[in-house]
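The block underneath contains the structure these notes are about, expressed in structure tokens.
Numbering (the numbering used here), first residue to last: 2 to 522.
Put into structure tokens, the structure is as follows:
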């Protein structure tokens, strides 16, 4: 009987103890705060933030969650991700966001509760690139991905190191029975990881660089930076591999140069991409690259950046081509930024049209006689010809407002005169470089002109036996001869008298010609 009583008592004690431990554990687990926070920061400028499809302002952003959950976060136009928030932990997203690409650098820190009785707090670290070394509290270290149990409630120092990348430090306090998940994208040391490459000379290829405007770079005025005559090409290989190729890689380099290094642009004259494409860097001929502190360039250097991992024979041929390229100034290039719509004029009306060009080349316009607006694509005299203000029947007016630095604009007034007959026509114009006699790239533009007149028609002079047609004061052969007109010329007419028809001459005067040699249009 006594034995039975002892057994029963033991069972009761076990049951009570189990219930106490179970309920006690439940009480401990439920005592943790359910409120978690997320802090979003961007190191290179303020960005808009969306959390769970709701606008949350611009960085820095602090968000409070009243329950453990996974948050869907968007930063700017290019970064999207997810992060867990849990009670008592401060989740973080700390990023450098580059608008011109999908690339970002930094880290995301999230917390997940582990609702097990004897669970420990831990830190999980995953890194891009994967073979980075992770050290916690200057003691335990291993290559990523890294997992370690840690003491809860105290700050832990995490250091992440990898050759060719900027060292990263993160401080984390992990709540009790919580897993901290850290995702890291290390920042490559771009211009700190350069290796000089000898420019050997020898065989070369013709190089036609993709211009700064073509790959999407913003224009830089040579007036705002120092210049120095170019003397020698110096080449450097980028040891850190970019995560992008083509124009996207150049745009990333441009934005990193501006935001991380505070440069005005990529500190190189030319960039040779992985596929051998050559890009303009700053896009300014004779730019003094010694202005870029920390790069070691001297006055007269023409620095070239090579993005490929190997320096091949074709790379050296491209370098030799760049040497030939920089020995003479590049050809001028412009972009027409005029806002000229359709124009309606009256007979003989004169007008000056404001035309605006942007110098998107890499050379400064210094000679007021070098560039002239000329007629393009016309046979004979342009119908917009102004005999008073044009330099000739084909050349309109010189661009005399100099200097025009690369990246700057220049305005010029284009004089035109409507013909003295109703007509609708298109007239193309272009800039001519008088040094070469060639059309300036990007300069061509057109006008759509409508000339109106009341109660008039249009005629054309036909071929005559003499090669011209007499114009008289009146509708008879005996009237005074006042001028002659030529086959192909057009005129307005108002009235007819038998075999004669009255012309409206240039200048507005009237005259009569025989109908035999005219064609009504």
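Quick reminder that beta carbons are idealized off the backbone N, C-alpha and C, glycines included.
- The residues 50, 51 and 64, in chain order, have a CB closer than 7 Å to that of residue 57 in the same chain once the five nearest residues on each side in sequence are set aside.
- Within the model, the alpha-carbon separation for residue 53 versus residue 192 is close to 38 Å.
- The alpha-carbon separation between residue 286 and residue 427 amounts to approximately 36 Å.
- One Cα belongs to residue 112, the other to residue 190, and the distance between them is close to 30 Å.
- Per DSSP, residue 65 is one residue of the beta strand (DSSP E) stretching across 62-66.
- Judged by DSSP secondary structure, residue 141 falls within the beta strand (DSSP E) whose first and last residues are 141-144.
- Cα atoms of residue 204 and residue 85: separation of roughly 58 Å, rounded to the nearest angstrom.
- Residue 69 is classed as buried because its beta carbon has at least 16 other beta carbons within 10 Å across all chains shown.
- Residue 359 carries a strand assignment under DSSP once its states are collapsed to helix, strand and coil.
- Here residue 109 carries a strand assignment [DSSP, helix/strand/coil].
- Taken atom to atom, the span from the alpha-carbon of residue 139 to that of residue 145 is near 16 Å.
- DSSP places residue 487 outside both helix and strand once states are collapsed to three, so it counts as coil.
- By DSSP's assignment, residue 55 forms a beta bridge with 52.
- CA-CA distance, residue 229 to residue 164, rounds to 36 Å.
- One thing to note: residue 336 has its Cβ within 8 Å of the Cβ of residue 443.
- Under the DSSP assignment, residue 366 falls outside any alpha helix (DSSP H); it carries neither an H nor an E label.
- For residue 447, same chain residues with a beta-carbon under 8 Å away, outside a window of 5 residues either side, are 427, 428, 429 and 430 in chain order.
- When the five nearest sequence neighbours on each side are left out, the beta carbons in the same chain lying within less than 7 Å of the beta carbon of residue 115 are those of 178, 179 and 180, in order along the chain.
- In this structure residue 355 is exposed. Its beta-carbon is surrounded by fewer than 16 other beta-carbon atoms within 10 angstroms.
- The C-alpha of residue 412 lies about 21 Å from the C-alpha of residue 450.
- Around the beta-carbon of residue 148, fewer than 16 other beta-carbon atoms lie within 10 Å, marking it exposed.
- Between residue 124 and residue 183, the C-beta spacing is below 8 Å.
- For residue 250, the secondary structure class from DSSP, reduced to helix, strand or coil, is helix.
- Secondary-structure assignment with DSSP links residue 160 through a beta bridge to 136 and 170.
- When the Cα atoms are used, residue 201 and residue 317 turn out to be separated by approximately 7 Å.
- Residue 492 carries a strand assignment under DSSP once its states are collapsed to helix, strand and coil.
- The criterion of a C-beta distance shorter than 8 Å is satisfied by residue 399 and residue 372.
- Between residue 361 and residue 220, the gap from beta carbon to beta carbon is short of 8 Å.
- Under the criterion of beta carbons closer than 8 Å, residue 153 and residue 127 do not qualify as touching, at roughly 21 Å.
- By the criterion of at least three beta-carbon pairs nearer than 8 Å, the stretch 258-276 is in contact with the stretch 291-309.
- Between the alpha carbons of residue 462 and residue 512 lies a gap of roughly 13 Å.
- In terms of Cβ geometry, residue 417 and residue 385 form a close pair [threshold 8 Å].
- Note that the C-beta distance between residue 410 and residue 333 is not below 8 Å.
- Annotation: residue 405 to residue 414 spans about 16 Å, alpha carbon to alpha carbon.
- Residue 158 and residue 142 have their alpha carbons spaced roughly 12 Å apart.
- For residue 232, the closest alpha carbon among the candidates 296, 66, 327 and 308 is that of 327.
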